[in-house]
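Quick notes on the structure that follows.
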Amino acid sequence: MIFKNSSSKSIALIVGTFLLLICMGISIVYGYANTSIQTTIESFTQFNHSNEHIIIQNVRIPRALIATCVGASLAITGVLMQTLTKNPLASPGILGINTGAGFAVVFAMIFFHISSLQSLAWVAFLGAGIAALSVYGISSSGRDAVTPVKITLAGAAISALFASFTQGLLATNEAELEQVLFWLAGSVQGRKLEILISVLPYLVIGWIAALLISSKMNILALGDDIARGLGLPLGLMKLTVGIIVIFLAGSSVAIAGPIGFVGIVVPHFARKFVGTDHRWLIPMAALLGGILLLIADVAARYIIMPQEVPVGVMTAMIGTPFFIYLARKGGKK
Amino acid sequence: MKQLKTVRLLQNKISFLLDVNASKKLTIISIIALLVFFLSASFGDSFINPLKVMQTIILQGSDFDQLIIVDFRLPRIFIAAFAGMALAVAGAVLQGLIKNPLASPDIIGISAGGGAAVVGFLAIFSDSNHSLTVSIEWLPLAGFIGATLVALIVYLFAWKDGVTPTRLVLIGIGVSAFMQAITTMLMIIGPIYQASEANKWITGSVKSADWNQVQIIVPIIIILLLLTVFIIRQLNVQELGDDTALSLGQTVQKTRFFLLLLSASLVACAISFAGAIGFVGLMAPHIARRIVGPTFGVLIPTSAAIGALLVMVADIIGRTAFSPLEVPAGVFTAAIGAPYFIYLLLRNPRK
Chain D
0 MIFKNSSSKS IALIVGTFLL LICMGISIVY GYANTSIQTT IESFTQFNHS
50 NEHIIIQNVR IPRALIATCV GASLAITGVL MQTLTKNPLA SPGILGINTG
100 AGFAVVFAMI FFHISSLQSL AWVAFLGAGI AALSVYGISS SGRDAVTPVK
150 ITLAGAAISA LFASFTQGLL ATNEAELEQV LFWLAGSVQG RKLEILISVL
200 PYLVIGWIAA LLISSKMNIL ALGDDIARGL GLPLGLMKLT VGIIVIFLAG
250 SSVAIAGPIG FVGIVVPHFA RKFVGTDHRW LIPMAALLGG ILLLIADVAA
300 RYIIMPQEVP VGVMTAMIGT PFFIYLARKG GKK
Chain P
0 MKQLKTVRLL QNKISFLLDV NASKKLTIIS IIALLVFFLS ASFGDSFINP
50 LKVMQTIILQ GSDFDQLIIV DFRLPRIFIA AFAGMALAVA GAVLQGLIKN
100 PLASPDIIGI SAGGGAAVVG FLAIFSDSNH SLTVSIEWLP LAGFIGATLV
150 ALIVYLFAWK DGVTPTRLVL IGIGVSAFMQ AITTMLMIIG PIYQASEANK
200 WITGSVKSAD WNQVQIIVPI IIILLLLTVF IIRQLNVQEL GDDTALSLGQ
250 TVQKTRFFLL LLSASLVACA ISFAGAIGFV GLMAPHIARR IVGPTFGVLI
300 PTSAAIGALL VMVADIIGRT AFSPLEVPAG VFTAAIGAPY FIYLLLRNPR
350 K
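Chains D and P are the protein sequences, given in the same order. The first sequence begins at 0 in numbering that gives the first Met the number 0 and counts up one residue at a time. The second sequence begins at 0 in numbering that gives the first Met the number 0 and counts up one residue at a time.
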């Protein structure tokens, strides 16, 4: 842990906030359309309906806000899930929750022609919930304890399952493929501000709830037996964490599609900075998550200009080496 | 209980224990698989009487039936059956290797590697009019290379003073996610025609099978299956744990590498022509284990028969259920396989 006492941790959080704001600024200023800091400021002070100003106000700002919210939410879910399952590889992407939500959304789009985001968000919650329950059910069945490998495998199996369902739906409904494909890769491009606003309540509830239970998370991290001994209502606690995870991951998928690896990478870095105390860890992870997704999104615009790489692909490229490093570090088991 | 019988062949040069009970079951399953093989030639856009099918196969039928059955239906049934066998056996080997019933070629990235290679192939060899600059017949080769390459990469990354099953799985899952990301990216960058072509391959379908493909793939798969049968008793030893296997004189790491390679080549062959048909590698060994028990000697052939059965049935449903629309076989292996699999896991607390 780099920052040891409370005051330096507070400073780290403040610096993190500034970095986040700077990244948002970069995300708003730079992109395919040629804009500068000056045009950006002008678009706020004297909006003149020029293309640049419209792009900044209607495309870039929503995009930056969405990347921030989704990144922060995914990072928080990562922290919660890693503590809950005591598995350093846990994250909504690896454990199949994103794919579950993704399948539910594709299913609803194709069969019920649902396009209102409000309803899609609930569909995504449902998918995320089913996936989370199945992973938990599968990995806790069996006689021996729930080991990290078991959970990860159960997650991968569930993930493969929903992915092949989605694949099947798309193979039989080719017309829908084009619309859904970009969304499926995970992207924050071309999303309108209304999309964010319609799920923002769930996100905010999730963030606040995560902060409220952060001290209880510290107890949960000590292990089930100790937590029970200290009087923590374990069942209720796990249920709460589960619901928060479903809200945050489900909303993120509904807005941006399944974006992987943010939930897995960020908590580890946050822990390096502020240690394992969840009261610091959760806000730090949220800030870093936002920063990571913003940077990944900016990089996604430049890597094969003029086309864009979906940001989910970028996070996978950043995240896979880290995942492999973690898996190798796990030592000889 | 188990009735075991010693079989000695060629003046005791080959000898093995035969589980009589399991062998009976295996025979029954194989017969069912054969029946389905012939019956499935009857189904399709038009139903042809099974007797007529038999007549046609021995070259006594009308020209029209000849065309439908010999030129259209038989090749795809062959491909379906052999792809099913290869996937099932590969899954059984992997599950034994990793000592976890959830392991399968779809999960540790072998299929995903094939998928990425196929999409990459479609993207690289297209000109500005989006038509391919090389023959589409090279596509299976791309799938094959991708699958084996990714298996090797996973193995390399998992190497740290030897490879442990745990690391193999975890790294496989990571690499698999990466390959999927690449696949999606290439699909998005390319034109929609390519995306739908690639998506069909990833879902898995035997629609475009012809006799050429059968000629290429069937001998290779048969050789690989025979190899598996010979090496498989090593897997029984590995099941006991690395230490025991070592003290029994097995070169654990070498055997592990060889088994992984074998499994990867089987998958690569299967998916090169049939596409990444999912869940067969996961499901077939499970079903087989329930029927004949976990000894690999009988498990492997039983898995093979069940795998063939699964893909053939999935293909029959795909051809007939929504006729004239064809649904890729992979959709049905997932649709049948996934719920059954969840049921298995939830019902049977002993994993």
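For every residue, glycine included, the Cβ atom is placed at its ideal position computed from N, Cα and C.
DSSP three-state label for residue i, please.
| i | result |
| --- | --- |
| aspartate 314(P) | helix |
| glycine 330(D) | Residue placement at glycine 330(D) is flagged as unreliable, the pLDDT there being 48, under the threshold of 50; a coordinate-derived value is accordingly withheld. |
| lysine 199(P) | helix |
| threonine 163(P) | coil |
| lysine 350(P) | Low per-residue confidence applies at lysine 350(P): pLDDT is 41, beneath 50, and the placement is therefore not dependable, though the value from the model is reported in the following sentence. Coil, per DSSP. |
| threonine 294(P) | coil |
| lysine 98(P) | coil |
| aspartate 105(P) | coil |
| lysine 51(P) | helix |
| serine 125(P) | strand |
| methionine 0(P) | Any answer about methionine 0(P) is weak, because its pLDDT of 48 lies below 50 and its placement is not dependable; what the coordinates show is given next. Of the three classes helix, strand and coil, the one that applies to methionine 0(P) here is coil, per DSSP. |
| threonine 250(P) | coil |
| aspartate 18(P) | strand |
| isoleucine 96(D) | helix |
| phenylalanine 272(P) | helix |
| serine 133(D) | helix |
| phenylalanine 156(P) | helix |
| phenylalanine 322(D) | helix |
| alanine 208(P) | coil |
Answer yes or no: the CB of residue i versus the heavy atoms of the ligand PLP, is any distance below 7 angstroms?
| i | result |
| --- | --- |
| alanine 273(P) | The ligand PLP is not part of the structure shown, which contains no ligands of any sort. |
Pick out whichever of the options has its Cα sitting closest to the Cα of residue i.
| i | options | result |
| --- | --- | --- |
| alanine 159(D) | Ser29(P), Ile276(P) and Leu25(P) | Ile276(P) |
| isoleucine 172(P) | Ala11(D), Ile13(D), Lys8(D) and Leu325(D) | Leu325(D) |
| alanine 21(P) | Ser246(P), Gly306(P) and Ser302(P) | Ser302(P) |
| isoleucine 55(D) | Glu193(D), Gln37(D) and Ile196(D) | Gln37(D) |
| phenylalanine 120(P) | Glu136(P), Asp62(P), Arg255(P) and Val297(P) | Glu136(P) |
| leucine 281(P) | Ile68(P), Pro338(P) and Pro104(P) | Pro104(P) |
| valine 326(P) | Val312(P), Tyr339(P), Pro338(P) and Glu238(P) | Val312(P) |
| threonine 314(D) | Leu238(D), Arg327(D), Ala295(D) and Leu176(D) | Ala295(D) |
| isoleucine 317(D) | Val308(D), Val261(D) and Met304(D) | Val261(D) |
| tyrosine 324(P) | Ile212(D), Glu173(D), Ile129(D) and Gln45(D) | Here residue 324(P) is leucine; the residue named in the question, tyrosine, does not match the sequence. When each option's Cα is compared against that of leucine 324(P), the closest is Glu173(D). |
| serine 41(P) | Ile30(P), Ser29(P) and Gln54(P) | Gln54(P) |
| tyrosine 357(P) | His285(P), Pro190(P) and Phe71(P) | Residue 357(P) lies beyond the range of chain P shown here (0 to 350); nothing can be said about it. |
| proline 139(P) | Ala244(P), Leu309(P) and Asn211(P) | Asn211(P) |
| threonine 85(D) | Ala209(D), Ile194(D) and Leu219(D) | Contrary to the premise, residue 85(D) reads as lysine rather than threonine in this sequence. Nearest option by C-alpha distance: Leu219(D). |
| isoleucine 27(D) | Val14(D), Gly15(D), Ser42(D) and Ile13(D) | Ser42(D) |
| alanine 283(P) | Gly108(P), Ile27(P), Val92(P) and Val251(P) | Val92(P) |
| arginine 300(D) | Leu116(D), Tyr31(D) and Thr275(D) | Tyr31(D) |
| alanine 127(D) | Thr275(D), Ser251(D), Leu280(D) and Ile302(D) | Ser251(D) |
| isoleucine 21(D) | His267(D), Ile323(D) and Val297(D) | Val297(D) |
Compute the beta-carbon to beta-carbon distance between residue i and residue j, rounded to the nearest angstrom, for a pair I have assumed lies under 8 angstroms.
| i | j | result |
| --- | --- | --- |
| threonine 227(P) | phenylalanine 278(P) | That pair is no contact at about 20 angstroms. |
| isoleucine 78(P) | phenylalanine 272(P) | 6 angstroms |
| glycine 99(D) | isoleucine 60(D) | Their Cβ separation, rounded to whole angstroms, is 31 angstroms, which puts glycine 99(D) and isoleucine 60(D) out of contact at 8 angstroms. |
| valine 118(P) | leucine 185(P) | 4 angstroms |
| glycine 113(P) | glycine 90(P) | No, glycine 113(P) and glycine 90(P) are not in contact; Cβ-Cβ is about 15 angstroms, not under 8 angstroms. |
| leucine 247(D) | serine 72(D) | 4 angstroms |
| glycine 288(D) | isoleucine 243(D) | The Cβ separation is near 15 angstroms, so there is no contact. |
| cysteine 268(P) | isoleucine 216(P) | 6 angstroms |
| isoleucine 299(P) | valine 88(P) | 6 angstroms |
| threonine 254(P) | glycine 43(P) | Wrong, their Cβ atoms sit about 44 angstroms apart, outside the cutoff. |
| glycine 189(D) | isoleucine 258(D) | The pair is not a contact, with the Cβ atoms about 15 angstroms apart (cut-off 8 angstroms). |
| valine 105(D) | threonine 67(D) | That belief does not hold up - the Cβ atoms of valine 105(D) and threonine 67(D) are roughly 26 angstroms apart, past 8 angstroms. |
| serine 175(P) | glycine 108(P) | 3 angstroms |
Going by the DSSP bridge assignment, what does residue i pair with across the sheet?
| i | result |
| --- | --- |
| threonine 314(D) | None; threonine 314(D) has no bridge partner. |
| threonine 165(D) | The partner list for threonine 165(D) (beta bridge, DSSP) is empty, contrary to what the question assumes. |
| threonine 84(D) | Threonine 84(D) is not bridged to any residue. |
3-residue-minimum beta strand (DSSP E) runs that sit fully inside the region 248-297 of chain D, ordered along the chain
none
Hey, which unbroken runs of the alpha helix (DSSP H) at 4 residues or more fall wholly within the region 20-61 of chain D?
36-44 and 50-53
In chain order, which alpha helix (DSSP H) runs of at least 4 residues are fully inside the region 178-235 of chain D?
192-211, 213-220 and 223-228
For the region 22-48 of chain P, which segments carrying the beta strand (DSSP E) assignment without a break, of at least 3 residues, lie completely within its bounds, in sequence order?
none
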